[in-house]
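*Asks:* In UniProt numbering, the protein residues as written are 1 to 88.
Backbone N, C-alpha and C define an ideal beta-carbon position, used for all residues, glycine too.
One structure follows; several queries about it will come next.
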């Protein structure tokens, strides 16, 4: 299929998820490249999400929770407590 594709902006909730993952990665001293390996994704895939260009898939979030030993409910509660990051 060819034609114009409209870029969908990352939602506020998606930004909160990114911000939480970034802060947890820093706390855990995990690079984007290491995170990519942990969840079975490419480095570019992870960087596109950490830089607020795209949103994480639910399966990615599930893998992150499992790798970090965080229950999904705790993950999303923590995400809700993170302020929105408006920097792009």
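Can you find the residues in the same chain that come closer than 6 Å, C-beta to C-beta, to residue 68, ignoring five residues on each side of it along the sequence?
*Replies:* none
*Asks:* Please list, in chain order, all residues of the same chain as residue 64 whose beta carbon is under 7 Å from its beta carbon, the five residues on each side excluded.
*Replies:* Once the five neighbours on either side are set aside, the close Cβ partners of residue 64 are 21, 39.
*Asks:* Of the residues 66, 76, 74, 77, which one's Cα is nearest the Cα of residue 35?
*Replies:* 66
*Asks:* Taking all protein chains shown into account, decide if residue 53 is buried (16 or more other Cβ within 10 angstroms of its Cβ) or exposed.
*Replies:* The residue is exposed, with fewer than 16 neighbouring Cβ atoms inside 10 Å.
*Asks:* Applying the 10 Å Cβ sphere with the 16-neighbour rule, what's the burial state of residue 75?
*Replies:* Residue 75 is buried by the Cβ-count criterion.
*Asks:* Tell me the start and end of each unbroken alpha helix (DSSP H) in the stretch 51-81 that is at least 4 residues and wholly inside, in chain order.
*Replies:* Taking only runs of at least 4 residues, the alpha helix (DSSP H) segments lying wholly in the stretch 51-81 are 58-68, 72-81.
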